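Here the structure is laid out as C-alpha cells; the discussion comes afterwards.
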Amino acid sequence: MRQSQIFGKTLREAPKDEVSVNAKLLERGGFIYKNSAGVYSYLPLGWRVLSKIADIIREEMNAISAQEMFMPALVEKKYLDATSRWDVGIGFEARGKKEKSANFVLGWTHEEVLTAIASKYINSYKDLPLAAYQIQTKFRNELRAKSGLLRGKEFIMKDLYSFHASESDFRNYYEIVKKTYLNIFKRCGLKTVYTLAAGGDYTAENTHEFHVLCPVGEDVVFVCLKCGYAENKEISKLNAGGKCSKCAGKIIKENAIEVGNIFPLGTKYSDAFNLNFLNSKGKKESVIMGSYGIGLGRTMGAIVETLHDDNGIIWPEFAAPYKFHLVELKNSNPVVKKEAEKIYKTCLDKGIEVLYDDRDDKSAGEKFADADLIGIPTRLVISEKTLSKNSVEIKNRKTGKINLLKISNIKNDKSFI
Ligand code: ATP
Ligand code: MG
Numbered sequence: 021m022r023q024s025q026i027f028g029k030t031l032r033e034a035p036k037d038e039v040s041v042n043a044k045l046l047e048r049g050g051f052i053y054k055n056s057a058g059v060y061s062y063l064p065l066g067w068r069v070l071s072k073i074a075d076i077i078r079e080e081m082n083a084i085s086a087q088e089m090f091m092p093a094l095v096e097k098k099y100l101d102a103t104s105r106w107d108v109g110i111g112f113e114a115r116g117k118k119e120k121s122a123n124f125v126l127g128w129t130h131e132e133v134l135t136a137i138a139s140k141y142i143n144s145y146k147d148l149p150l151a152a153y154q155i156q157t158k159f160r161n162e163l164r165a166k167s168g169l170l171r172g173k174e175f176i177m178k179d180l181y182s183f184h185a186s187e188s189d190f191r192n193y194y195e196i197v198k199k200t201y202l203n204i205f206k207r208c209g210l211k212t213v214y215t216l217a218a219g220g221d222y223t224a225e226n227t228h229e230f231h232v233l234c235p236v237g238e239d240v241v242f243v244c245l246k247c248g249y250a251e252n253k254e255i256s257k258l259n260a261g262g263k264c265s266k267c268a269g270k271i272i273k274e275n276a277i278e279v280g281n282i283f284p285l286g287t288k289y290s291d292a293f294n295l296n297f298l299n300s301k302g303k304k305e306s307v308i309m310g311s312y313g314i315g316l317g318r319t320m321g322a323i324v325e326t327l328h329d330d331n332g333i334i335w336p337e338f339a340a341p342y343k344f345h346l347v348e349l350k351n352s353n354p355v356v357k358k359e360a361e362k363i364y365k366t367c368l369d370k371g372i373e374v375l376y377d378d379r380d381d382k383s384a385g386e387k388f389a390d391a392d393l394i395g396i397p398t399r400l401v402i403s404e405k406t407l408s409k410n411s412v413e414i415k416n417r418k419t420g421k422i423n424l425l426k427i428s429n430i431k432n433d434k435s436f437i
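The structure is reproduced here in C-alpha cells:
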C-alpha cells in the first residue's frame, strides 16, 4: 500500500478528548476514528490489524472443530424473556420509529438465540458434541466508555458456544478452549493469566477470565508469582502479600484487562429452550452448554497498551498491519525513488505485505516519526547513502537494531520473507 494514498493520516497531536494510551496512539497513527464516546470506526490500517486478530482466532477455532456462523444483531424480546434477561440493564433497546415500545434489543450476547436455533437441529446424542461461533458486533450501554477500544458501546466479539451430552465431555472441551485461548493471546503478542472469576449475568457458576496485567485495566486480580494461579478480586479470598492456596507462593495484586471469558452454563439455557437430546438408551436429557468470548477490539487495545514506547506502537509480528514499512528518502535523487519503486513492486509480486512511504512532501524526520508511531515491526529505509552500498537499512521497531541488507537479497533471500 502506498502511504500517499492511504485513507487516514497520522496526526502530530493526540486528540484532546482521549485519555487512554490506546486511543491516543491508534487515532494519531490513523488506525481508528472516534465517532462518539465508545463508538469507533476502523480505518484501513486499523481494520488490517483487527482482521489479523480475527484470522488468528478463526484458525484456532476451526482447529477445535468449532464452526463459524453469523447471527442477527436484532434480538427479539421473546428470546431474552425465556431466561429473564430482557430487563438486564446492559443493552440498547431497538424500537421502530413508529412503535411505542421496543420489541428488540441490539444483541449484547447470543446464548438464547443460538440455543433456540440448536433446539431445532439437536435431537440425539449423535448430534453432539457441537460447537459454533461467530465474529460479530455486540452492543452494550457502557457508561464509562473512556478507554478507547478497551470499552466500547459497540465492539466486535468472537462468541463461541458448545453443546455436550455429558458434564465430562463439556469439561474436556472447556480445557481445550482454555488452551486455545492461551494460544490465541500468545499469538497476538499478549501475556495472559487465567483467572477464576464470577459468572455475572450469564451463570451462577464460577467462570474463567483471561487477563493482561496492565495498570489501566479495570479489573483487579490476585496472582501467584510462583505458579501463576489467579483469582478475580470480585470472588477472591486471597490477599496481596499472602500465600497461594495452590503452591504457597507469594500473591500479588495487579490491575488487569479482561480480554476473554469462558463460562460453564450447565443446563440453564437448554432448559429454557427445551434443548434436549435422546441418549443412547432413548432417554431424554438436557444438553450441557458452555460459552466463550473474546473481544477483538479490546485485544487490539490491550496490545497497544502493553506494547508501545514514547514514539508509538510496537506491533507484535502476527497482529501488525504490514510486515514491512518501506521508507524512501529521495533527497531529490530520482534514482532512489526508482529503486524504491522496484523494491515495492518486488514485495507486491512476492505477496509480501508492505506499506510504502512514497510521500514526496515529507522530510526524513517526519517519515521516521510516522514509521515509529505506526509501529510496523520492520522498517526498510532506502536513501542515497544505502544505495551507494547497494543496500537498504533494515531496522527492528522493537529492539531498534539496525543492519544493512543487500537489495539483491530482497529478490533472492528466503530469510528476508
Ligand atoms: P467487562 O467486565 O469488562 O465489562 P464483561 O465481563 O461484561 O466485560 P463478557 O460478557 O465476558 O464481558 O464479554 C466477553 C469479552 O468481550 C470480554 O472478555 C471482552 O474481551 C469483550 N468485551 C466485553 N465488553 C466489552 C466492551 N464494552 N468493549 C470492548 N470489549 C468488550
Ligand atoms: Mg467477562
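Letter by letter, the sequence shown follows residues 21 to 437 of this note's numbering. From the three backbone atoms N, C-alpha and C, an ideal C-beta is built for every residue, glycine too. Note that the structure is predicted; figures quoted are calculated from it, not measured.
The nearest non-hydrogen atom of the ligand MG is less than 6 Å from the C-beta of ASN281. The criterion of a C-beta distance shorter than 7 Å is satisfied by PHE283 and TYR222.
The alpha carbon of TYR141 has as its nearest neighbour, out of PHE230, PHE293, ASN252, the alpha carbon of PHE293. If the five residues before and after ASP291 are omitted, its C-beta is found closer than 6 Å to the C-beta atoms of SER306, all from its own chain and listed in chain order. Going by DSSP, LYS431 is part of the alpha helix (DSSP H) stretching over 427–432. In the same chain as ASP377, and ignoring 5 residues on each side of it, the C-beta atoms closer than 6 Å to its own belong to GLN23, VAL347, LYS387, in chain order.
The bridge partners DSSP lists for LYS270 are LYS263. If only uninterrupted alpha helix (DSSP H) runs of at least 4 residues are considered, those enclosed by the region 60–94 are 64–83. Taking 6 Å as the cut-off, the C-beta of GLY237 does not count as close to any heavy atom of the ligand ATP. The C-beta separation of TRP106 from LYS97 comes to about 6 Å, placing the pair in contact by the 8 Å criterion. Straight across, the Cα-Cα distance linking ARG191 with LEU169 is about 32 Å. Setting aside the 5 residues that flank it on each side, GLU337 is surrounded in the same chain by PRO397, each with a C-beta closer than 7 Å to its C-beta; the list follows chain order. In the three-state reduction of the DSSP assignment, ASN281 falls in the strand class, which pools E and B. If you draw a straight line from the Cα of GLY220 to the Cα of GLU254, it comes to about 10 Å. The beta carbon of VAL125 sits closer than 6 Å to the beta carbons of VAL95, GLY111, GLU113 from its chain, once the five residues preceding and following it are set aside; these are given in chain order. Sequence-distant partners of GLY66 (beyond 5 residues in either direction) whose C-beta falls short of 7 Å from its own C-beta, in its chain, are LEU46, PHE51, ILE52.
The beta carbon of ARG318 sits closer than 6 Å to at least one heavy atom of the ligand ATP.
If you keep only unbroken alpha helix (DSSP H) runs of at least 4 residues inside the region 368–401, you get 384–394.
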